[in-house]
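In this note's numbering, the protein residues as written are 530 to 1076.
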Amino acid sequence: MNDMTDLEFLPLGGTGEIGMNLNLYRQGESWLAVDCGIGFSGNDTPEAEILLPDPVFIAERRKALVGLVITHAHEDHLGAVAHLWPQLGCPVYATPFAAAVLRRKLGEAQLLQQVPIHTIPPGGAFRVGDFDLSFIPVTHSVPEAQALVLRTPQGIVVHTGDWKFDPEPQVGPPTDIAAFEALGREGVLAMVCDSTNVRTEGPSASEADVRREITKLIATLEGRVAVTCFASNVARVETIAKAARAANRVVAVVGRSLRNLEVAARECGYLADIPPFLSEQEANSVPDNQLLLIVTGSQGEPRSALSRIAVDTHPNISLGEGDNVIYSSRMIPGNEQAVIQVQDNLTRRGINVITDRDHLVHVSGHATGGDVRRLYEMVRPKYLVPVHGEWRHLTANAAIAQELDIAPVLLEDGDILSMKESAFEVVDTAPTGRLVLDGGRLLQMNGGVLSARRRMLFNGIVLGSFAVDEEGYLIGDPKVSAPGLLDAEDPETARVTEEFGNALDEIPDELRENDVTFRDAAKTALRRALGRKLQKRPLVDVHLLRV
């Protein structure tokens, strides 16, 4: 039996990569989950689009899971809740804005009436099972981002979530420096800290600087102006709307996620002095020089509004020669190729593309190395656990801690860290993995479906079809199709088909009686017919029709 003072930390997603945050704390017999997010596939996983952490470890312990705390309303922190909650089955705790965003997602998944959501005010204290918790408001690129403080028998643990220092965040309060200073005086055992932007030196740039620059920029532009940004960045949306008003433009939003976030923001009291946005249908009645569009698709998502506008297939919005698109966002690692493709398509149509390389139209919502150093000097934790970033980010975060005599502990997903004041050490390893959201299904990244898809993607597929009589003898000629490998008119296709037919004739009689053994033998025959000339190992399948 676990001692009730035992404290452990376990990341199931979010270390060594950006996205898919899912963290677990154990105190005695109770488990607490912090965040439950999705990630987006990169160039190394073209067979998938949306990735989720595999929760099998905690799903097997769901009776001991007392709750799930959401630190803020970004997809990589709450986007997986609607998909994984049936495996977790626990109450969810979130601030009003995160709760509003989550309710819409749960409603779409028809789970809204099943999931108990407890709304916690920013900066509020609350108890979940045996866990004594409180929020500290922090600045991030979404309203109501919170650091989580866990008061345990072993000591205080601060889980920062995503954060930065910005004295002028435009929407919501700045990071509560006084609360962190108070924790430093009280004494902190450990800090589990965001590492995403730690390799950037100096202090963070301010959202106020972006507001000034975007306001000046939009005032100089002619024709239609479209701005793409992360839908959840309410401060940025407000900035764009105010810049549009200063330039005598009205605003329309294009894309479902923007419309949903607008509703959630207004429901929570944000955008109160911003007139309701026009719909994309209403936008076409506005003269070009009086219109500004806020458009989804900053990451090059193939079905997003901006991607369709770039190739002129959007049903309601078009841009052309002399119009402008401002990218008020950064490229998430892995999305570079998709984003550049959309930008190329826009440029090909004569559209002026403006990015943060041209003007200060975006700042990160994550702490720089300077911010991190300042926080560590303020809080002085005994131990640091870097999370949320690729390995180069985690090690850079650890290096800053070492300079300040804070002991860093680097973890891989699945490492179970025993958190005792005398020693932080990995005591066990939990099973981890990635799931793929494929339509409405959850599939194992390394399961049969995705493995077959990878093989088809790189090596192609060859399908042999043939009919046999009751005794299993070939009727007519077989057919072979190999999309992506061979054209129907290719002489090689005819050769493979002929050799496949000859090989079918040579299958022993005893294998022809049973369809399963016959198919297996036919697959072997088709592989033999393919030979080594293609220098590929395609996925091979056969269709057997017994007449």
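Each residue gets a CB set at the ideal place from its N, CA and C atoms; glycine is no exception. The model shown is predicted, which means the values in this text are computed figures rather than measured ones.
Can you give me the start and stop residues for the alpha helix (DSSP H) that residue i sits inside?
i, result
"residue 958", "It is not in any alpha helix (DSSP H) - residue 958 instead sits in the beta strand (DSSP E) that spans 952 to 958."
"residue 720", "Counting along the chain, residue 720 falls outside any alpha helix (DSSP H), though it belongs to the beta strand (DSSP E) covering 719 to 723."
"residue 1038", "1038 to 1041"
"residue 908", "898 to 908"
"residue 1049", "1044 to 1059"
"residue 1101", "Here the chain covers residues 530 to 1076 and nothing more, so residue 1101 does not appear."
"residue 590", "Note, residue 590: premise wrong, no alpha helix (DSSP H); not H, not E."
"residue 483", "Because the chain is modelled from 530 through 1076, residue 483 falls outside the range shown and cannot be assessed."
"residue 714", "706 to 715"
"residue 606", "604 to 607"
Beta carbon of residue i, beta carbon of residue j: below 9 Å?
i, j, result
"residue 561", "residue 613", "no"
"residue 552", "residue 721", "yes"
"residue 672", "residue 588", "no"
"residue 814", "residue 759", "no"
"residue 825", "residue 834", "yes"
"residue 667", "residue 793", "no"
"residue 544", "residue 923", "yes"
"residue 664", "residue 559", "no"
"residue 944", "residue 955", "yes"
"residue 989", "residue 1007", "no"
"residue 702", "residue 764", "no"
"residue 948", "residue 537", "yes"
"residue 515", "residue 718", "Because residue 515 is not part of the residues shown, which for the chain are 530 to 1076, the question remains open."
"residue 915", "residue 933", "no"
"residue 791", "residue 766", "yes"
"residue 1014", "residue 991", "yes"
"residue 809", "residue 839", "no"
"residue 848", "residue 880", "yes"
"residue 878", "residue 821", "no"
Among the options, whose alpha-carbon lies nearest the alpha-carbon of residue i?
i, options, result
"residue 818", "706, 755, 558", "755"
"residue 937", "1001, 927, 1018, 1059", "927"
"residue 892", "1000, 914, 856, 910", "856"
"residue 584", "615, 558, 689", "615"
"residue 885", "950, 854, 909, 863", "854"
"residue 749", "777, 728, 735", "777"
"residue 930", "865, 921, 906, 949", "906"
"residue 1011", "954, 1069, 1041, 1002", "1069"
"residue 726", "1000, 1075, 920, 1038", "920"
"residue 581", "606, 592, 600", "606"
"residue 710", "1032, 644, 908", "908"
"residue 969", "764, 618, 638", "638"
"residue 964", "830, 973, 957, 888", "973"
"residue 475", "950, 903, 1046, 1015", "Summary: the structure shown does not reach residue 475, with the chain confined to residues 530 through 1076, and so no result is reported for it."
"residue 796", "632, 940, 770, 744", "632"
"residue 604", "564, 816, 718, 556", "564"
"residue 1055", "1019, 766, 1004, 995", "995"
"residue 713", "629, 695, 911", "911"
"residue 890", "917, 971, 918, 769", "769"
"residue 897", "881, 918, 883, 887", "918"
"residue 645", "780, 610, 684, 670", "610"
"residue 903", "887, 745, 731", "731"
"residue 1063", "1050, 1033, 1016", "1016"
"residue 858", "1004, 658, 1023, 743", "743"
"residue 895", "684, 728, 619, 634", "728"
"residue 950", "642, 716, 1009", "716"
"residue 670", "783, 999, 695, 652", "695"
If I follow the unbroken beta strand (DSSP E) through residue i, where does it start and stop?
i, result
"residue 757", "754 to 757"
"residue 1008", "1003 to 1010"
"residue 836", "Run containing residue 836: none in the beta strand (DSSP E); it sits in the alpha helix (DSSP H), 834 to 839."
"residue 853", "853 to 856"
"residue 580", "579 to 582"
"residue 848", "Run containing residue 848: none; DSSP gives neither H nor E here."
"residue 882", "881 to 883"
Return the bridge partner residues of residue i from the DSSP annotation.
i, result
"residue 946", "538, 955"
"residue 970", "967"
"residue 1026", "DSSP output for residue 1026 lists no bridge partner at all."
"residue 864", "Its beta-bridge partners do not exist; DSSP assigns none."
"residue 622", "598, 647"
"residue 1070", "992"
"residue 1082", "Because the chain in this structure spans residues 530 to 1076, residue 1082 falls outside the shown range and cannot be described."
"residue 552", "540, 563"
"residue 913", "720, 937"
"residue 820", "779"
"residue 1013", "According to DSSP, which records beta bridges pairwise, residue 1013 is partnered with nothing at all."
"residue 569", "579"
"residue 997", "1003, 1075"
Pick out the complete beta strand (DSSP E) segments inside the segment 762 to 816, 3 residues or longer, and give them in chain order.
-> If we require 3 residues or more, the beta strand (DSSP E) runs fully inside the segment 762 to 816 come out as 779 to 783.
Ignoring anything shorter than 4 residues or poking outside the segment 651 to 692, list the alpha helix (DSSP H) runs there in chain order.
-> none
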